[in-house]
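Below: one structure, written as structure tokens.
Number of protein chains: 2
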Amino acid sequence: MAVSYNALAQSLARSSCFIPKPYSFRDTKLRSRSNVVFACNDNKNIALQAKVDNLLDRIKWDDKGLAVAIAQNVDTGAVLMQGFVNREALSTTISSRKATFFSRSRSTLWTKGETSNNFINILDVYVDCDRDSIIYLGTPDGPTCHTGEETCYYTSVFDQLNNDEASGNKLALTTLYSLESIISKRKEESTVPQEGKPSWTRRLLTDDALLCSKIRYFVGYLYN
Amino acid sequence: MAVSYNALAQSLARSSCFIPKPYSFRDTKLRSRSNVVFACNDNKNIALQAKVDNLLDRIKWDDKGLAVAIAQNVDTGAVLMQGFVNREALSTTISSRKATFFSRSRSTLWTKGETSNNFINILDVYVDCDRDSIIYLGTPDGPTCHTGEETCYYTSVFDQLNNDEASGNKLALTTLYSLESIISKRKEESTVPQEGKPSWTRRLLTDDALLCSKIRYFVGYLYN
């Protein structure tokens, strides 16, 4: 069901949503104020660098020079991970289009995926109304969490409170993707042989023609 | 298009997703370690309070006793706002089911909606793998941002860099909801009289029968 960014990019481009123009970028020993230099081979790129600097100047960095950065999957809406950024990390993300953070424990920049190859490819960056919180909206190359989970948020507090044993195996999915997950589970179960009359859901999941005919039938109610 | 939590709650309940059991809660002068007391009129609630305390003990609070909390709309996936929580704020959210934060500038708890009535009603709370970042998954009663926007993230960095004038009017929506937003705009535009032959999109948007017939037709490809 996942509607991918790539599949929709062409239609979205018509209204210029989520299609930031790519920037020229090359590694160089020259360092600007933001420590990241765009290829300054023409006035356009110099102007772009000035805009980036201006934008970075306007972020409300905390007393440690940091802001919160939240990486979100643009297709599923899943919050993948949360880290912190300093001026350089945010600037690097904007120019490289790979989600980059500042490690508070190691006091270094790190790009998600630099060891696992599971980069988060940035489509847009959003700043909140207070200018101290940032969203990295992107598509991940693979699982984001070091545990192999799709996201780092797989521990439900309410599951833990209701039943300790059930915790740790449920992602923080939004409604539509929760429903998709449940239907997928039902579909897996439907391959197990069963005695007696099958349930209506099981019949739908094992009979594509029946399923399609029902979808066609109910589409008729969409505008009634 | 928004698939609401409430509409799906019954089906989801069968697999116990997103249906935390409600807790008894009453305001009382008795204060526990977490400063929030569940109605301790039976052993079940005493056990529940112990579980909450245990969970709060395991959060990795920073040197100021805080953790990041991200409020997300369970239906659309939109990140609504981001704040910080201390032990008391998280405990209050768990018991009251209203997203509650700790204001670093005022050094007080605050519940989103306490002045605007736009509460964020909590359906589940997730903790990340490092146990220092939290998602409040919920449904907002109204716009979350004090500016009246649905979310606090309405400033696109790439829009700002591409064209300063275009910034400030685009929410950080995921792909499916971006598409919905674009279709809605096209639909609005379709009410304006136009000369010449209408585009195919305009025809679909102004002719429900044609639109439904096309949906029915393409449903046939779902399983082919």
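From first to last, the protein sequence lines stand for chains P and Y.
Quick note on full-length UniProt numbering: the first sequence kicks off at 1 and runs consecutively.
Quick note on full-length UniProt numbering: the second sequence kicks off at 1 and runs consecutively.
Every residue, glycine too, gets a C-beta built ideally from N, C-alpha and C.
**Asked** For Y:A69, which beta-bridge partners are listed by DSSP?
**Response** The count along the second sequence starts at 1 and reaches residue 69 of chain Y at position 69. DSSP lists Y:G83, Y:I134 as partners of Y:A69.
**Prompt:** Y:A172 versus chain P: which residues are under 7 Å apart at the beta carbon?
**Reply:** By one-based count along the second sequence, residue 172 of chain Y stands at place 172. Near Y:A172 (Cβ distances below 7 Å), the residues of chain P are Y126, I135, L137.
**Request:** Please confirm if Y:D75 has its CB atom under 8 Å from at least one CB of chain P.
**Result:** One-based indexing of the second sequence puts residue 75 of chain Y at position 75. Yes, Y:D75 counts as interfacial toward chain P.
**Item:** Residues sharing a beta bridge with Y:K98, DSSP
**Value:** Position 98 of the second sequence, counting from 1, holds the residue named residue 98 of chain Y. BP columns for Y:K98 point to Y:N121.
**Item:** Integer-rounded CB distance, given that P:D128 should sit under 8 Å from P:L137
**Value:** As a first step, residue 137 of chain P must be located in the first sequence, where it is residue number 137. As a first step, residue 128 of chain P must be located in the first sequence, where it is residue number 128. At roughly 13 Å, the Cβ-Cβ gap does not stay under 8 Å, so P:L137 and P:D128 are not in contact.
**Asked** Between which two residues does the beta strand (DSSP E) containing Y:Y217 stretch?
**Response** The residue given as residue 217 of chain Y occupies position 217 in the second sequence. Counting along the chain, Y:Y217 falls outside any beta strand (DSSP E), though it belongs to the alpha helix (DSSP H) covering 208-219.
**Message:** Taking the straight line between their C-alpha atoms, what separation do you get for Y:T115 and P:V68?
**Reply:** For this step, residue 115 of chain Y is matched to residue 115 along the second sequence. For this step, residue 68 of chain P is matched to residue 68 along the first sequence. Each residue's alpha carbon lies about 25 Å from the other.
**Message:** In whole angstroms, give me the CA-to-CA distance for Y:T155 and Y:A71.
**Reply:** Locating residue 155 of chain Y in the second sequence gives position 155, counting from the first residue. Locating residue 71 of chain Y in the second sequence gives position 71, counting from the first residue. Looking at the two C-alpha atoms, the distance is approximately 18 Å.
**Message:** Just to confirm before moving on: does the CB-CB distance between P:I134 and Y:A172 stay below 8 Å?
**Reply:** Here residue 134 of chain P refers to the residue found at position 134 of the first sequence. Here residue 172 of chain Y refers to the residue found at position 172 of the second sequence. Using a Cβ distance threshold of 8 Å, P:I134 and Y:A172 do not count as a contacting pair.
**Message:** Comparing C-alpha positions only, which one of Y:K44, Y:D141, Y:V52 sits nearest to P:L161?
**Reply:** As a first step, residue 161 of chain P must be located in the first sequence, where it is residue number 161. Nearest C-alpha to P:L161: Y:V52.
**Prompt:** Where P:R87 and Y:K185 are concerned, what is the direct C-alpha to C-alpha distance, given to the nearest angstrom?
**Reply:** Translated into positions along the first sequence, residue 87 of chain P becomes position 87. Translated into positions along the second sequence, residue 185 of chain Y becomes position 185. In a straight line, the C-alpha of P:R87 is about 36 Å away from that of Y:K185.
**Message:** Could you compute how far the alpha carbon of P:V74 sits from the alpha carbon of Y:L80?
**Reply:** Here the question's residue 74 of chain P lines up with position 74 in the first sequence. Here the question's residue 80 of chain Y lines up with position 80 in the second sequence. Near 15 Å, if we compare the C-alpha coordinates of Y:L80 and P:V74.
**Request:** Measuring only between beta-carbons, confirm whether P:I94 sits less than 8 Å from chain B.
**Result:** Annotation note: the requested chain B is absent from the structure, which comprises protein chains P and Y.
**Message:** Please confirm whether P:S156 has its beta-carbon closer than 8 Å to some beta-carbon of chain Y.
**Reply:** As a first step, residue 156 of chain P is located in the first sequence; it is residue number 156 there, counting from the start. Yes, because at least one Cβ of chain Y sits closer than 8 Å to the Cβ of P:S156.
**Prompt:** Quick one: Cα of P:T147 to Cα of Y:S213, how far?
**Reply:** For the purposes of this step, residue 147 of chain P is identified with residue 147 of the first sequence, where counting begins at 1. For the purposes of this step, residue 213 of chain Y is identified with residue 213 of the second sequence, where counting begins at 1. Rounded to the nearest angstrom, the two C-alpha atoms are 46 Å apart.
**Prompt:** Taking the beta strand (DSSP E) that P:S105 falls in, what are its first and last residues?
**Reply:** Along the first sequence, read from residue 1 onward, the residue named residue 105 of chain P stands at position 105. Segment: none, P:S105 is in no beta strand (DSSP E) and carries neither H nor E.
**Prompt:** Would you say Y:T144 and Y:K112 are within 8 Å of each other, going by their C-beta atoms?
**Reply:** Working through the second sequence from its first residue, we reach residue 144 of chain Y at position 144. Working through the second sequence from its first residue, we reach residue 112 of chain Y at position 112. Going by C-beta atoms, Y:T144 is nearer than 8 Å to Y:K112.
**Request:** Can you have a look at P:D159 and say buried or exposed, based on whether 16 or more other CB atoms are within 10 angstroms of its CB?
**Result:** For this step, residue 159 of chain P is matched to residue 159 along the first sequence. Around the beta carbon of P:D159, 16 or more other beta carbons lie within 10 angstroms, which makes this residue buried.
**Request:** Report the option in P:Q194, P:T191, P:N118, P:S199 whose CA atom is closest to the CA atom of P:D141.
**Result:** Taking the first sequence and counting its residues from 1, the one referred to as residue 141 of chain P is at position 141. Distances from the CA of P:D141 to each of P:Q194, P:T191, P:N118, P:S199 were compared; the closest alpha carbon is that of P:N118.
**Asked** Considering only C-alpha positions, which residue in the set P:N43, P:L48, P:D42, P:K44 is nearest to Y:V157?
**Response** Here residue 157 of chain Y refers to the residue found at position 157 when the second sequence is read from its first residue. Of the candidates P:N43, P:L48, P:D42, P:K44, the one whose C-alpha sits nearest the C-alpha of Y:V157 is P:L48.
**Asked** Does any C-beta atom of chain Y lie closer than 8 Å to the C-beta of P:K187?
**Response** Working through the first sequence from its first residue, we reach residue 187 of chain P at position 187. No, P:K187 lies away from the interface with chain Y (no Cβ there is under 8 Å from its Cβ).
**Item:** Residues of the stretch 43-65 of chain Y with Cβ closer than 8 Å to any Cβ of chain P, in chain order
**Value:** Of all residues in the stretch 43-65 of chain Y, the ones placed with a Cβ closer than 8 Å to any Cβ belonging to chain P are L48, K51, V52, L55, in chain order.
**Message:** On the DSSP bridge list, what partners appear for P:P193?
**Reply:** Here residue 193 of chain P corresponds to residue number 193 of the first sequence, with the count starting at 1. P:P193 pairs with nothing; no bridge assigned.
**Request:** Measure the CB-CB distance between Y:I59 and Y:R97 and report whether it falls below 8 Å.
**Result:** Counting from one through the second sequence, the residue named residue 59 of chain Y turns up at place 59. Counting from one through the second sequence, the residue named residue 97 of chain Y turns up at place 97. Taking 8 Å as the cut-off, the Cβ atoms of Y:I59 and Y:R97 do not count as close.
**Asked** Can a CB atom of chain P be found closer than 8 Å to the CB of Y:L161?
**Response** Your numbering for residue 161 of chain Y matches position 161 in the second sequence. Contacts with chain P at 8 Å (Cβ-Cβ) include Y:L161.
**Asked** Y:V85 touches chain P at which residues, Cβ-Cβ below 9 Å?
**Response** Along the second sequence, one-based indexing puts residue 85 of chain Y at 85. Within chain P, not a single residue places a beta-carbon under 9 Å from that of Y:V85; the smallest gap is close to 12 Å.
**Prompt:** Which one or two residues does DSSP pair with P:T139 in a beta bridge?
**Reply:** Taking the first residue of the first sequence as position 1, residue 139 of chain P is located at position 139. For P:T139, which the question treats as bridged, DSSP gives the partners P:N121.
**Item:** Nearest to Y:L204 (by Cα), restricted to the options Y:L66, Y:I215, Y:Q194, Y:R106
**Value:** For the purposes of this step, residue 204 of chain Y is taken as residue 204 along the second sequence, with counting starting at 1. When each option's Cα is compared against that of Y:L204, the closest is Y:I215.
**Prompt:** Within 10 angstroms of its Cβ, does Y:Y217 collect 16 or more other Cβ (buried), or is it exposed?
**Reply:** Within the second sequence, the letter at position 217 stands for residue 217 of chain Y. Exposed, since its Cβ has fewer than 16 Cβ neighbours within 10 Å.
**Request:** Measure how close the beta-carbons of Y:Y153 and P:Y126 come, nearest whole angstrom, since I'm counting them as under 8 Å.
**Result:** The residue labelled residue 153 of chain Y in the question sits at position 153 within the second sequence. The residue labelled residue 126 of chain P in the question sits at position 126 within the first sequence. For a cut-off of 8 Å, the C-beta gap from Y:Y153 to P:Y126 is around 4 Å, short enough to register as a contact.
**Asked** Per DSSP, what kind of secondary structure is P:D57 in: helix, strand or coil?
**Response** As a first step, residue 57 of chain P is located in the first sequence; it is residue number 57 there, counting from the start. Of the three classes helix, strand and coil, the one that applies to P:D57 here is helix, per DSSP.
**Asked** On the premise that Y:L66 lies in contact with Y:F84, defined as a C-beta separation below 8 Å, what is that separation, rounded to the nearest angstrom?
**Response** Position 84 of the second sequence, counting from 1, holds the residue named residue 84 of chain Y. Position 66 of the second sequence, counting from 1, holds the residue named residue 66 of chain Y. Their Cβ separation, rounded to whole angstroms, is 4 Å, which keeps Y:F84 and Y:L66 in contact under 8 Å.
**Asked** So, does the CB of Y:R202 fall closer than 8 Å to a CB anywhere in chain P?
**Response** Locating residue 202 of chain Y in the second sequence gives position 202, where the first residue counts as 1. Y:R202 has a beta carbon lying at 8 Å or more from every beta carbon in chain P.
**Request:** Flag this pair as yes or no: are the beta carbons of Y:A99 and Y:T108 separated by less than 8 Å?
**Result:** Stepping through the second sequence from its first residue, residue 99 of chain Y is reached at position 99. Stepping through the second sequence from its first residue, residue 108 of chain Y is reached at position 108. Result no, Cβ atoms of Y:A99 and Y:T108 do not sit closer than 8 Å.
**Asked** In the DSSP assignment, what are the bridge partners of Y:T155?
**Response** For this step, residue 155 of chain Y is matched to residue 155 along the second sequence. BP columns for Y:T155 point to P:V127.
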